[in-house]
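Chains as they are written, first to last, in our numbering: chain C, -6 to 247; chain V, 5 to 166. Think of the CB as a built atom: it goes at the ideal place given N, C-alpha and C, for glycine as much as any other residue. Reviewing the structure listed below.
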């Protein structure tokens, strides 16, 4: 029942995010199909007859597509920024990472706006070079920030999960000591296993934090936030096993 | 008898020793000592009455609390060593977070494909990068045979750069 509620909640949040994102894109018109078809026709026409009229027509379509791509890029960046801004952050380090990401996305949006001014003066060859350069720029500047931004809400939430798991381990250790079960070998092994898993989760979380601190690229922040969670999941499995083992020992001693 | 002789006799008057003792005790105990004020029967009845009232209060308290359960008393491990309900809720929240992370992770693979670069983080968490999809048609990124996706910003830029 509880699992269902959580999963439904997570699904609704995802669906809402996707809907908002798609709405933003729809307002900007990020459907390129029509203009791409026009470009294909214009390029064929220019190949057959490279007269001024055909060249002018092709250039006009190219500029239209470039402006559309830039508008869409701005829209994507704004959606990403909104996602980062709306993330609840409780720790001062997280607030710093959030502020730096927001500022970096502002720079990206500023860059796109400047490029729209450049498009006005392009010729056909110039538009080809411009497109290739913009593509390269996006790979090395936008893609890293996009990955960091999309993972930021998960990374921020992971800090709470880590804290909760550590508290759980502490509580369980205290209870085991009170019940004089901490001397049992099997239980001891399970507690150590849980401790190692939480340590590994902290380690991977630390690598991810370092990436956010330096905004470094290339990185595998997606893999790190997931492996943090996987280690935590394993730790919880150990907690359940500790519970079963303790129950078994107490039942046998009665 | 002459009054003078009578007065002389008064001088030799003494109280009863038993009465003296009782009176002294009475004054020293500030009125507390007055022998047994009630009989043993009354005391026994009082004990019974207060015992019943205590028992009745305890029963009312249990009824008022309402959540009394023998199971809770006889299964201390389930409630004390590990809080199963709480743990389950936390583990499920982690599962839901993994689901969300997988969505981002999948799209991140696409981002990394664009750059063909290597990872800097811990080897344990290294992301495997699959071969990048090649752009076959103008504005359309082709993946598997016969399938096409919506043109993206990057695929449009690729098309425009040719």
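List the residues of chain V that residue 62/C touches, going by C-beta distances under 7 Å, in chain order.
Near residue 62/C (Cβ distances below 7 Å), the residues of chain V are 157, 160 and 161.
Using DSSP with H/G/I as helix, E/B as strand and the rest coil, what is residue 81/C?
When DSSP states are grouped into helix, strand and coil, residue 81/C belongs to the coil group.
Are three or more beta carbon pairs between the region 170 to 177 of chain C and the region 198 to 212 of chain C nearer than 8 Å?
Short answer: they don't touch.
To the nearest whole angstrom, what separates the beta carbons of residue 91/V and residue 200/C, a pair I think is in contact under 8 Å?
Their Cβ separation, rounded to whole angstroms, is 27 Å, which puts residue 91/V and residue 200/C out of contact at 8 Å.
Could you tell me the alpha carbon to alpha carbon distance between residue 12/V and residue 18/V, rounded to whole angstroms?
Across the structure, residue 12/V and residue 18/V are spaced so that their CA atoms are roughly 13 Å apart.
Decide if residue 224/C is buried, meaning its Cβ has at least 16 other Cβ atoms within 10 Å, or exposed.
Counting the other CB atoms within 10 Å of its CB gives residue 224/C a total of 16 or more, which places it among the buried residues.
CB residue 58/C to CB residue 164/V, shorter than 8 Å?
A Cβ-Cβ contact shorter than 8 Å links residue 58/C with residue 164/V.
What is the DSSP secondary structure of residue 166/V, counted as helix, strand or coil?
In the structure shown, residue 166/V sits in coil (DSSP, three-state: anything other than H, G, I, E or B).
Residue 71/C and residue 102/C: beta carbons closer than 8 Å?
Against a cut-off of 8 Å, the Cβ pair of residue 102/C and residue 71/C comes out as a contact.
Just the chain V side, please: which residues come within less than 8 Å of residue 113/C by C-beta, in chain order?
Here the premise fails: no neighbours, minimum Cβ distance about 16 Å.
Contact criterion: CB-CB distance below 8 Å. Does residue -4/C meet it with respect to chain V?
Low confidence applies here, because residue -4/C scores a pLDDT of 48, under 50, leaving its location unreliable; read the following figure in that light. Output row for residue -4/C: interface = yes.
Mind pulling the chain V residues with CB within less than 7 Å of residue 125/C?
Residues of chain V passing the Cβ test: 165.
Going by other Cβ atoms of all chains shown within 10 Å of its Cβ, with 16 needed for buried, is residue 136/C buried or exposed?
Per the 10 Å Cβ criterion, buried.
How would you list, in chain order, the residues of chain V whose beta-carbon sits under 9 Å from the beta-carbon of residue 144/C?
105, 108, 109 and 112, listed in chain order.
Could you check what DSSP says for residue 208/C in three-state terms: helix, strand or coil?
In the structure shown, residue 208/C adopts coil according to DSSP, grouped into three states.
Mind checking whether residue 235/C and residue 183/C have CB atoms under 8 Å apart?
Contact: yes.
Simplified DSSP state of residue 161/V, which is helix, strand or coil
When secondary structure is reduced to three states using DSSP, residue 161/V falls in the helix class.
Does the region 183 to 197 of chain C come close enough to the region 118 to 138 of chain C to have 3 or more Cβ pairs within less than 8 Å?
A contact is defined here as three or more CB-CB pairs under 8 Å, and the region 183 to 197 of chain C fails this definition with respect to the region 118 to 138 of chain C.
With DSSP run on the structure shown, which of helix, strand or coil describes residue 23/C?
In this structure, residue 23/C counts as coil in the three-state DSSP scheme.
Contacting residues, own chain, Cβ-Cβ under 6 Å from residue 143/V (five flanking each side not counted)
Annotation note: pLDDT 40 at residue 143/V (below 50); position unreliable, no value reported.
Return helix, strand or coil for residue 92/V, following the three-state DSSP convention.
In the displayed model, residue 92/V falls within a helix according to three-state DSSP.
Are the region 137 to 152 of chain C and the region 93 to 106 of chain V touching by the rule of at least three beta carbon pairs closer than 8 Å?
The way I'd put it, the region 137 to 152 of chain C does touch the region 93 to 106 of chain V; three or more beta-carbon pairs between them come closer than 8 Å.
Just the Cα atoms here: how many angstroms apart are residue 60/C and residue 112/C?
Rounded to whole angstroms, residue 60/C to residue 112/C spans 7 Å at the Cα level.
Can you pull the chain C neighbours of residue 94/V, defined as C-beta to C-beta under 7 Å?
Listed along chain C are 157 and 229, each with a C-beta nearer than 7 Å to that of residue 94/V.
Apart from the five residues on each side of it in sequence, which residues of its chain come closer than 8 Å, Cβ to Cβ, to residue 166/C?
Answer for residue 166/C: 175 and 184, listed in chain order.
How long is the line joining the alpha carbons of residue 222/C and residue 101/V, rounded to whole angstroms?
Residue 222/C and residue 101/V have their C-alpha atoms some 8 Å from each other.
In this structure, how does DSSP classify residue 21/V when only helix, strand and coil are distinguished?
In the three-state reduction of the DSSP assignment, residue 21/V falls in the helix class.
Contact with chain V by residue 147/C, beta-carbon distance below 8 Å:
So, interface residue.
List, from N- to C-terminal side, the beta strand (DSSP E) runs of 3 residues or more that fit wholly inside the region 116 to 178 of chain C.
Runs found: none.
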